[in-house]
Amino acid sequence: MELNPRIFREYDIRGIAGKDLDEETYERLGKAVAVMLRRHRKHNCVCIGRDGRLTSKAFANAAIDGLTACGVNVIDIGLVPTPLLYYALFTQKVDGGLMITASHNPQEYNGMKVAIGTSTIYGEEIQKLREIAEAGKFPAVKRPVTITRMDLASKYTNRITRDVKLKRKLKVVVDAGNGPGGVVAVPLYEKLGCEVIPLFCDVDGTFPNHHPDPTDPENLKDLIGAVKKHDADLGIAYDGDVDRIGVVDEQGGVIFGDQLLILFARSVLKEKPGATVISEVKGSRTLYEDIAKHGGKPIMWKTGHSLIKAAMKEYKAELAGEMSGHMFFKHRWYGFDDAIYAGARLLELLAAGRKTLSAHLADVPRMHSTPEIRIETTEERKFEIVQDAVRYFRDEQGLEVNTIDGLRIEWPDGWGLVRASNTSPVLVMRFEAETPERLKAIQKLVSDKVAELNK
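Listed below in structure tokens is the structure:
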């Protein structure tokens, strides 16, 4: 069976349902996962969950058919946020898990995240899965298997409410973007003692209200309006599979991922002085400076949730986060990206005192930055351009360049980033500086050189 190679991305499998992906594809992928598990199999069981997309239930059933055909038992946790699948990996006797989801992609997409043990696979492991699926050499097993239906939401909620405590009542608006996040988060936050105003918390795979991607401020307009209308303490938004969080403060201001990580880092460092905190190359310089200022050990790492999780294990980090809203708590949790749990921790730190959310960040130096800028190129050229840019800025110009992921060029009053996307034929750029004028100058300097190299 020939599969579209483009669906096998750096961190997961993703494509257009009915064109790149169908039930036969998922059955084949389920069988391939069963083969991959051979070396790791202890319980002979895999957990599977799915998001609210229109095709997800049928695709999940097809993947279950593939797993069981190869003699693997299945725990089906049904329609859930991705963090509940991750939670199952740490709390159930399973060898791995599958999450049928296309995260924040448009409604015509679907996909699959794959975990072996407690870790999601990426990079070469994703390509290995592709090779196994295409080869089609699967074991013929006749022994009986079991398919167990399990509701994990109550176990997950009880685990959080045993640990997270709020010292005062808060009013929070939750925008689930018609993904499955609201089904779990609204009752959880109410149980923690909050007044919760739900927004688009009914699951609808057509996403009728707005795209489920909280990194785009356009998708936060309804949340901002609701926070102001209800005089709420904050607003929380989720992406389509609830592993990324978006936050707005009581004034309707958007709190981006690096600012959010500053708040979490300060909170964690009070309990764990000297803890290691990881973020990625797109994060503000103020983030890394603030972690160090509060006694933490900041580490700048590669972009990508699977890469961040691997780095957390390597450096024994208590906390990590990305600009995209992936937040990872090892402190008091399990180390996976979980927007619902991150929201609970945010509510806890806000309720610990009387300060508003915006006031918590008032002492962070104001920087001027661009959003991500995406420059189209080719798969063949994107990495070459990055290497050419490193040679120019570091070797020829003698500038300070961090090459952990692309190149991040540092000046005393700002920085510029150029990196190759892991998932598409584009270069990603971002810039930050102390003044608008300096931001414009740095952006022009780097952009002009990249444009020259991209000819």
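Residues 48 to 502 in my numbering are what the sequence shown spells out, letter by letter. Heads up, the beta-carbon is just placed ideally off N, CA and C, and yes, glycines get one too.
- When DSSP states are grouped into helix, strand and coil, Ile432 belongs to the helix group.
- The beta strand (DSSP E) runs lying completely inside the segment 56–141 and spanning 3 residues or more are 60–63, 92–97, 120–126, given in chain order.
- DSSP lists Leu246, Ala284 as the bridge partner or partners of Asp222.
- A Cβ-Cβ distance of about 6 angstroms is found for the pair Leu145 and Val161, placing them in contact under the 8 angstroms criterion.
- DSSP places Ala406 in the uninterrupted alpha helix (DSSP H) bounded by 404–407.
- When only Cα atoms are considered, Arg190 and Lys66 end up about 34 angstroms apart.
- At a Cβ-Cβ threshold of 9 angstroms, Glu457 and Leu474 do not count as neighbours.
- Check the Cα spacing between Lys275 and each of Lys218, Gly390, Glu395: the tightest is with Lys218.
- Here Met83 is buried: its Cβ has 16 or more other Cβ atoms, across all protein chains shown, within 10 Å.
- Just measuring C-alpha positions, the residue of Trp348, Leu316, Pro186 sitting nearest Ile325 is Trp348.
- Taking C-beta atoms under 8 angstroms as the contact rule, Asp222 and Ala284 qualify, at a distance of about 4 angstroms.
- Contact check between the segment 182–189 and the segment 234–250: fewer than three CB pairs, one atom from each, fall below 8 angstroms, which does not count as touching.
- By the Cβ rule, the segment 362–371 does not count as touching the segment 266–273, because fewer than three pairs are nearer than 8 angstroms.
- A straight line joining the alpha-carbon of Val141 with that of Leu68 spans about 26 angstroms.
- Using a Cβ distance threshold of 9 angstroms, Ile168 and Asn157 do not count as a contacting pair.
- By the Cβ test, the segment 50–64 is not in contact with the segment 84–96, since fewer than three Cβ pairs between them sit closer than 8 angstroms.
- For Glu499, DSSP records no beta bridge to any residue.
- DSSP, reduced to helix, strand and coil, places Lys344 within a strand of the structure shown.
- The distance from the Cβ of Val127 to that of Leu199 is about 7 angstroms, consistent with a contact at the 8 angstroms cut-off.
- No residue range can be given for Ile168, since it is assigned to no alpha helix (DSSP H) and is classified by DSSP as neither H nor E.
- Rounded to whole angstroms, the Cβ separation of Ile387 and Gly228 is 6 angstroms, and the two are in contact under 8 angstroms.
- A buried status is given to His151, since no fewer than 16 other beta-carbon atoms sit within 10 Å of its beta-carbon.
- Annotation: the continuous beta strand (DSSP E) that includes Leu366 extends over 366–368.
- Non-local beta-carbon contacts of Tyr381 in its own chain, meaning distances under 6 angstroms to residues more than five positions away in sequence, involve Phe137 in chain order.
- Put simply, the backbone Cα of Ser471 is about 7 angstroms away from that of Glu426.
- For Gly226 against Gly293, the beta-carbon gap comes to about 12 angstroms, at or over 8 angstroms, which does not count as contact.
- The beta carbon of Ile338 sits closer than 7 angstroms to the beta carbons of Ala312, Val324, Pro345 from its chain, once the five residues preceding and following it are set aside; these are given in chain order.
- In the three-state scheme derived from DSSP, where H, G and I count as helix and E and B as strand, His352 is classed as helix.
- Counted as a single uninterrupted DSSP element, the beta strand (DSSP E) harbouring Phe376 occupies residues 374–376.
- In the structure shown, the three-state DSSP call for Asp452 is coil.
- Going by beta carbons, Thr350 and Arg485 fall outside the 9 angstroms limit.
- Val328 is bridged by DSSP to nothing; it lacks a bridge partner.
- The three-state reading of DSSP puts Met197 in coil, since its state is none of H, G, I, E or B.
- A check of alpha carbon separations from Gly330 across Gly461, Val230, Val437, Leu235 identifies Gly461 as the nearest.
- The straight-line gap separating the alpha-carbon atoms of Lys377 and Ala498 is approximately 41 angstroms.
- Annotated as distal: Asn469 and Val328, with beta-carbon spacing of 9 angstroms or more.
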